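Only one structure is covered here, and it is reproduced in the block below.
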Amino acid sequence: MSDAVMSDAVMSDAVMSDAVMSPFAPLREQLASAAAAFGDGLVDDVEQALRTDVEIFPVCHHSPASALAMVRRLREKQPKVVYLELCEDLRPVLEELRNCRLPVALQAFASDIDGFPPEWAPLSVIAPITESSAEYQAIAYALDTPGVEIVLVDRSVDHVFQWEPRAGAADVGIEIGDLRPGFAALEEHLLHHGKVRHWSEWWDQYVEQPLSGADYDTYRQVMVLIGSLFRRLGPEGHQVDEDRERYMWTRMREHLAATGTDPAECLYVCGAFHAASPVMDEHLDISPRTSTAWLYGLIPSSHSAIEEQFGLAPGSVSIAAATWSKSLRRGRLTPYTLGGRSKRAASPPGTPAETDTEPETEDRLSGFLTRPPVLDGFDEAELLGWCVEIVRLARRNGYLASTADAIAVYETSILLAGMRGRKRPTPYDFQDAAVTCIEKDVVPGRRDVRRLCEILLGGDKIGQVGYDSLPPLARDVLDRLQPLGLDLEKRTIQRALIDLDAHPELEPCSHLLWILRRLLPDDAVRPIMGSRRLGERSHQESWDLAIGRNQRSIIELGYEGVTIEQVLEQRLRRTCWDEKATAATALDAVEDSILYLRNRRFTDELGARAVELLAGERTVDDAPEVLGRIRRLLAHYRAVEPELPAWAKSFVTTGYAHYCTLLPTAFAEEETGVRQVGAMLGFLFTMESLALSLGCDRTQLELAVQQSRPEAPAKVALLWTAHFQLGLLSMAGLRERMIELLGNPLVVPSVPQYVSGFVQALESAPTLTPFVVEVLSRAFGRLPDDVLLPWLPKLITTLRAQAPELVPMLVREAGRTFPARLADVDSFTPPWLERVPAKVITPPASQPVGELLAVHPGTVAAVAGLLGCEPVTIAGAGGEVAGLLAAHPETGEAVAGVLAVV
Amino acid sequence: MLRAPAEIKYADELDYLESIDTGFKPFSWRLSPRMVRIFVLGSERSDGLDREIPQKWFGDRGFVERSIVTLASDRGLLLIGDPGTGKSWLAELLAAAVSRNSTLVVQGTAGTTEDHIKYSWNVSMVIAKGQSRESMIPSPIMTAMEQGVIGRFEELTRSTSDVQDALISILSEKYVSIPELDDDNIVFAQPGFSVIATANSRDRGVNDLSSALKRRFNFVRIPVVTNKKSEAEIVRFRTAELLRRHQIDLELPPTLLDILLQSFADLRAAAASATSDDDKLESALSTAEQIGVLEDAILHSRFFGDSTLKAATLAGSMVGSLARRSPEDLAILNKYLHGVVEPRSRQDDSGSWREFLDGGRDAIATLS
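Chains as they are written, first to last, in our numbering: chain A, 1 to 902; chain B, 1001 to 1368.
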């Protein structure tokens, strides 16, 4: 500030001395007059702001000086109406601030949007409020003093998006009194010359501290001047800002005219930037809002969240809060607070301490600008306290800090402040000193010294919305979880133990927790023990609940509905009727509905939608998921209900017909993977009996299989198994084809793909497991290394990713087939290589059928061939055995006796 | 003198600052902390000096302030950081500004012994006259103690722990006793004595500092400069100095400086995303490395070229100084040239990147 004044003075001196002869005289004059106009403009702005009929109170966000001046001014003036620069439609929420622990944020939220591009949804506007802010003081004063009205005059949240369209999905933050040079180079200049690192620090040192003890006039003039300066130096494009100012002044004038209030009894609280407005007298025709339905509420906020959202230095809001409480103590001021804790104003309301005539405006600016900033005196006790405390904190966080460090930090802080031209070390100096003296090469714990300093200087304060201000849904959740006997408003993680056998009355709580688990972010509600899947019921559950910490998420659920069930229902409905919804997602929603909602009608509705989606699908990409899910659902219905619901029957028949129709294309198309085709076949074969009983026709499947002409080896293998399933190919035929493949050197490189096809076929034909084991075994044995080795890892990853449920089956079968001990390996012959000796079946001695068959073996051989078995020879009745038995009949009688007894 | 220490090189600036200094000077300091700051970081208009003091160390101002303040307290200063971040340069500037003597340096190596930081004996004189103060050879640290000035200890973590431990008593008791002598056997540190040590963060784990020694040092960690603007400043500043030293009159084209900075920034980004040491250049890619590359290129074009710096020469120097391991480093550089520089050269109209690419390819071809 003093820089600017100085350079102006230097420039005007130069103009005086040699303006006469120089060829640059006109230019010089022009520049000088521009500079003069600039300077005059600043002073004009200040004068104009002080002259208005409604008293303007310029503020800056997170500025304790603003808040202090506000407290003093309110006590002195006792205004009847407070106009506040805040979205006008947030007014009803202000009352709810009583039930909250600050900082909280006012939120406006819209998920159903109308009038904005749909991709903007959901829209959210957040206005955080801290205790040390001037606006909170004004709100608290107005709400708790009888006869005082607070009027929010800024554009509505709807206009925020109408005027400043932004596509990002993040919350839009709004703050009263955003005061920061809009001009990056200017900010850099100020920081560089102020020898500070961050804007917050600059502000604290050059404006905040000098102003904290200043009288009201100085405060007001300085704030307007800074506002005006930033306004003039900032980049072009104040259109939106000016429109907002017109909006606010229009609203104020409307209110004054409507209520007939005396402007002298009003106070207009706005950012210093808007105090220096050139458009105060202009009128704005306010455009109508869009038909977007806005919902309003309070969400908890925190100092760190505010710093993050508005790009402030870490810790600056906490430091502001600490400064505020210290200044209150020193100035013996009582702040205004809302709610039951409120202390009434010292002077009785309605009697202003002095008359506010203010006939002439005195110039306080010159004095302020020409003097070096008057800083607070050095507060030794405070600094000592900090030093001792930081060492204690550091020790607790694993640093080897000692009293010697406390002394060093103390000394270093003072030296640093001295070098930076400050008498009293600021929190920032202290932080630097602590880092210098305590931080070594590694950080031993989770927090470093800088973070510890932030904690020390107030730490991150997290607000909480009180029970009464919560939306109905959040209150309902808390009520329903009451039986657990936990304090869910605490911010720590709470462990809930639910023994459902011993306390069946806790069942509803457990149910609610599962729904919350489905709807809230991952860490809010975490089951440690217990699970919820179709057909399962937990006897005991244990939960980690962090509901207090996730208050915001629950409150935002509250914007979607009145009860948690309603929200879930809406979400499921939205997923199913979404443009991108598929049969698989719909079945998933059905499952969720069964698990969480237990609303038969709704489940049926979702099921019907799944049928509809399946019939409309032109691809089979989701076939594996569809198969898995419908299998689970059918198993569930068979277990709990006497009859399948109508939609499930319809799903099976539609699916049967649908997949039959798509089968030939799926076999032929290159884009469709083996897994998908395998799943289709799985659906068709495993659900065949059900489908046929519901009226489907098997011929459809047979035709579809016969029409299929796959080219990819894996799909060819799948088709063979389909033929086998339909009885068009025998096991011997299948085996023969496989052996042929392995024997043909031209096909050998593609054998692995055939094998993958066979593996996928297990989905539809579990009986093929021994065959697949055989195929794998033969492939491992016969394939050359250059084919086998690259394929092996692929086989393992495919099996793991695509057929995890088939692997145990394969492993079990392999365990049955191969020898378990090393010794047995040498003598091992795989079952498929064993030359099965032609079995001799001895028919009972005196049976005519046996004799007949033995006489005509051709019949038996033909049947055996059909069944795929080795032909057997039937021994005739007159064999040696028969002769022996006839010779010794007692053996036979004894056996007969034994058998009869048993 | 090939390279004058800072107190000689900037003697007139220091004289000037001393003459106008009215601030409080701790101990026997030649300048007040504020003036030390101005000397290192350069003057601003708001400081109200009638001559300009150029900036000599580039980086976060907070580091310099913290370092100066540490020297004014009773702890030693340990500058820690990656190689080439300007630790030693800052130490030299501070020592020159505070005590006008930056040459009392002990270089920490694996062979440094306790004698190097305390004292040793002139053997022939001991034989001739016996042990006395005359026959004793004080170490730079001991000299600094006697004179009340700043002593420097470079690469503290390279020296073994027994040597480091000898520093503990110097830093806490502030005296060295000489048990070999019967009288006058204690050397007390005069006010103003302090130690600036530097340590390389890449050497962590070689000879870790004991916690007793850590306690006696304030650590100031100096990061690698990644801000392109200040890096350009540093490279320009140091190169101008080098050119002056070699008495070379050569213009440094700004485009080439940009190319150099950009390619280092790219390589750093690549190193940051590398998953194993083999995908990463062995070099730390510090600012000092950049200056080295530039110096090499300048000397090369001065003595073997036509006295103008070309992009191809720069590329050759870069490959030459960064390729330390064959084939790993060469492969990375090759990948960089073809993956990043080549597409860029197609977009660039001035042809400098094209030339840079060709020079780099030639260099790699020669090396591999």
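Where is the CB? At the ideal position from N, CA and C, for every residue including glycine.
Model, not experiment: these values are computed from the prediction.
So, for L68(A): in the same chain, excluding its five sequence neighbours on each side, which residues have a beta-carbon less than 8 Å away from its beta-carbon? S212, W324, S327, L328, G331 and L333
Complete beta strand (DSSP E) runs within the segment 488–541 of chain A (minimum length 3 residues, chain order): 494–499 and 525–529
Could you name the residues of the segment 212–229 of chain A whose beta carbon sits closer than 9 Å to any beta carbon of chain B, in the order they occur along the chain? none
For V1225(B), which option in L1256(B), F1264(B) and V1195(B) has the closest C-alpha, if you only look at C-alpha atoms? F1264(B)
Can P122(A) and S111(A) be called in contact, C-beta distance under 7 Å? yes
Using a Cβ-Cβ cutoff of less than 7 Å, which residues in the same chain neighbour P460(A) once the five nearest sequence positions on both sides are dropped? Here residue 460(A) is Asp; the residue named in the question, Pro, does not match the sequence. Closer than 7 Å at Cβ, skipping near neighbours: S302, H303, S304 and S318.
Which residues does DSSP list as the beta-bridge partners of N1200(B)? G1081(B)
Which chain A residues are close to F1219(B), counting only those with a beta carbon under 7 Å from its beta carbon? E439, K440 and D441
Could you tell me whether the segment 95–106 of chain A touches the segment 73–85 of chain A, where touching means 3 or more Cβ pairs closer than 8 Å? no
Neighbourhood of V1235(B) by C-beta, 8 Å cutoff - its chain only, sequence neighbours within 5 removed: L1257, L1260, L1261, T1287, Q1290, I1291 and L1294
Cβ shell of G350(A) (< 6 Å), same chain only, five flanking positions each side left out: Its pLDDT being 41, under 50, G350(A) is placed unreliably by the model, and the measurement read from it follows with that caveat. Once the five neighbours on either side are set aside, G350(A) has no close Cβ partner at all.
CA-CA distance, A1166(B) and S1172(B)? 11 Å
What's the gap between the Cα of V391(A) and the Cα of F1219(B)? 16 Å
Whose C-beta lies closer than 8 Å to the C-beta of W577(A) among residues of the same chain, with five residues either side of it excluded? R609
If you measure from the beta carbon of T261(A) to each beta carbon in chain B, is any gap under 7 Å? no
Straight-line Cα distance separating A1272(B) from T1313(B): 27 Å
Can you tell me where the alpha helix (DSSP H) with I555(A) in it begins and where it stops? Q551 to G558
In whole angstroms, give me the CA-to-CA distance for Y467(A) and I554(A). 12 Å
Establish whether the CB of P1033(B) and some CB of chain A are separated by less than 7 Å. yes
Just checking my contact of Q431(A) with C453(A) at CB under 8 Å: how many whole Å lie between their CB atoms? 4 Å
Any C-beta of chain B sitting closer than 7 Å to the C-beta of E411(A)? yes
Would you call E813(A) buried or exposed, if buried means 16 or more other Cβ atoms sit within 10 Å of its Cβ? buried
Three-way DSSP call (helix, strand, coil) for S1043(B) in this model: coil
Please list the partners that R420(A) has in chain B, where partner means a Cβ-to-Cβ separation under 8 Å. E1065
Count the other CB atoms, across all protein chains shown, that sit within 10 Å of the CB of V5(A); report buried if there are 16 or more and exposed otherwise. Note that V5(A) has pLDDT 41, beneath the 50 cutoff, so the model's placement of it is unreliable and no number is given.
Relative to the alpha-carbon of T1070(B), which residue among A293(A), Y410(A) and L94(A) has its alpha-carbon at the smallest distance? Y410(A)
Can you find at least 3 beta carbon pairs, one from the segment 471–482 of chain A and one from the segment 436–454 of chain A, that sit closer than 8 Å? no
Chain-ordered residues of the segment 1342–1357 of chain B with a beta carbon less than 7 Å from chain C: Of the protein chains in the structure, A and B, none is chain C.
Does any CB atom of chain B fall closer than 7 Å to the CB of T426(A)? no
State the CB to CB distance for the pair I1168(B) and V1176(B), rounded to an integer number of angstroms; the pair is presumed to be in contact (CB under 8 Å). About 12 Å; that fails the 8 Å criterion.
Reduced DSSP secondary structure (H/G/I, E/B, other) of E1013(B): helix
Going by the CB atoms, is the gap between F1188(B) and A1144(B) shorter than 7 Å? no
Residues in its own chain within less than 7 Å of L513(A) by CB, not counting five upstream and five downstream? V525 and W543
Hey, how far is the Cα of A1270(B) from the Cα of L1285(B)? 11 Å
Please determine, among Q137(A), Q48(A), L190(A) and L729(A), the residue with the shortest C-alpha to C-alpha distance to A275(A). Q48(A)
I'd like to confirm something about R1238(B): is its beta-carbon nearer than 6 Å to some heavy atom of the ligand NAP, or not? For the ligand NAP, the structure offers nothing, since it holds no ligand at all.
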